[in-house]
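Residue numbers (this note's numbering): 161 to 378.
Accompanying notes for the structure given below.
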C-alpha cells in the first residue's frame, strides 16, 4: 500500500498535514530526518506509516510511560501490532515482548531512552530495526527545557545498532540553539535533513497577566 492509502485505511484521514508526506518520503528514501511540528500537528504519523511499509521493526524512543501506553493502545485498536517495554513490566514480560519483536510479530516497539542504557541494549541490537523514531528529541540538549541525561547517550547507542537504521527525530519545542545541536548530533552516517511543517504557530489566545496577591485572592 502507498502512504496515502495507509493514511486513509489505518488512520482515517483523507490527506496529509503539512510536512508529514515530506518526512515519510524522506524516511522511505533512507534519509535521516529532523521533524519540527507543533503539538497536535501529527508527528507520530511521520514514522508510523513508514513503520508499516518497511521490513523489520521500528524502534520508538519515548520519554513518557503514559504516552507510550496511549500510543500503543491506539495502534493496536487499528490493527497495527505495537508494544512497549518499560519499568512497569516484569522481567518475563519484557523478554516475551522482545521475542515477539524478533519474530516479526511487532511492527513498532516503544522504549524509554534509559532502556538503551540498561542491559537491554543487547536485546535491542538483536532486532531487525529498520527505523528509529526519537520523540521529544529536544531532550537531548542541555539547553532544552526538558533535558534528559539519558538522551545524550542515544547517538552512541543508535550508531552501534548493527542494522544501521534510518533515524527520525521529532520535536515540537526547540530553540535555534537546540536545533543546531540536534542537527549536529543526529547526522551519523547519512546527512540529516530538517523538515518543518511550514507553519509558524503562535498561541494567539494566550495572555499572561501578573496580579498582586491580596488577602481575598484565592
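Glycine residues also receive a C-beta, built at the ideal position from the N, C-alpha and C atoms.
Nothing here was measured: the structure is a model prediction, and the numbers come from that model.
The three-state reading of DSSP puts residue 329 in strand, counting E and B together. Assignment of residue 196 by DSSP, reduced to helix, strand and coil, places it in the strand class.
Per DSSP, residue 229 is one residue of the alpha helix (DSSP H) stretching across 225-237. Look at the stretch 245-290 and you find these whole runs of alpha helix (DSSP H), each 4 residues long or longer: 251-262, 273-277 and 281-285. Between the alpha carbons of residue 332 and residue 177 lies a gap of roughly 15 Å.
A residue is called buried when at least 16 other Cβ atoms come within 10 angstroms of its Cβ; residue 236 does not meet this threshold and is exposed. In this structure, residue 292 sits near residue 327, with a CB-CB distance shorter than 7 Å.
Beta-bridge annotation (DSSP): residue 293 is paired with 220 and 328.
In the three-state DSSP reduction, residue 189 falls in the coil class, being neither helix nor strand. Put simply, the backbone Cα of residue 215 is about 35 Å away from that of residue 336. Rounded to the nearest whole angstrom, the CA to CA distance from residue 203 to residue 191 is 17 Å.
Residue nearest to residue 246 within the set 259, 262, 269 and 239 is 269 (criterion: CA-CA distance).
Distance from the CA atom of residue 256 to the CA atom of residue 210, rounded to whole angstroms, is 25 Å.
Non-local beta-carbon contacts of residue 163 in its own chain, meaning distances under 6 Å to residues more than five positions away in sequence, involve 184 and 209 in chain order. No Cβ-Cβ contact shorter than 7 Å links residue 232 with residue 251. Taking C-beta separations shorter than 7 Å and ignoring five residues to either side along the sequence, the partners of residue 248 in its chain run 225, following chain order. Within the model, the alpha-carbon separation for residue 294 versus residue 320 is close to 16 Å. By DSSP's assignment, residue 243 forms a beta bridge with 269. Where residue 207 is concerned, the enclosing alpha helix (DSSP H) starts and stops at 205-213.
Scanning its chain for C-beta atoms nearer than 7 Å, with the 5 sequence neighbours on each side dropped, one finds around residue 168 the residues 174, in chain order. Across the structure, residue 273 and residue 222 are spaced so that their CA atoms are roughly 7 Å apart. The continuous alpha helix (DSSP H) containing residue 317 extends over residues 314-319.
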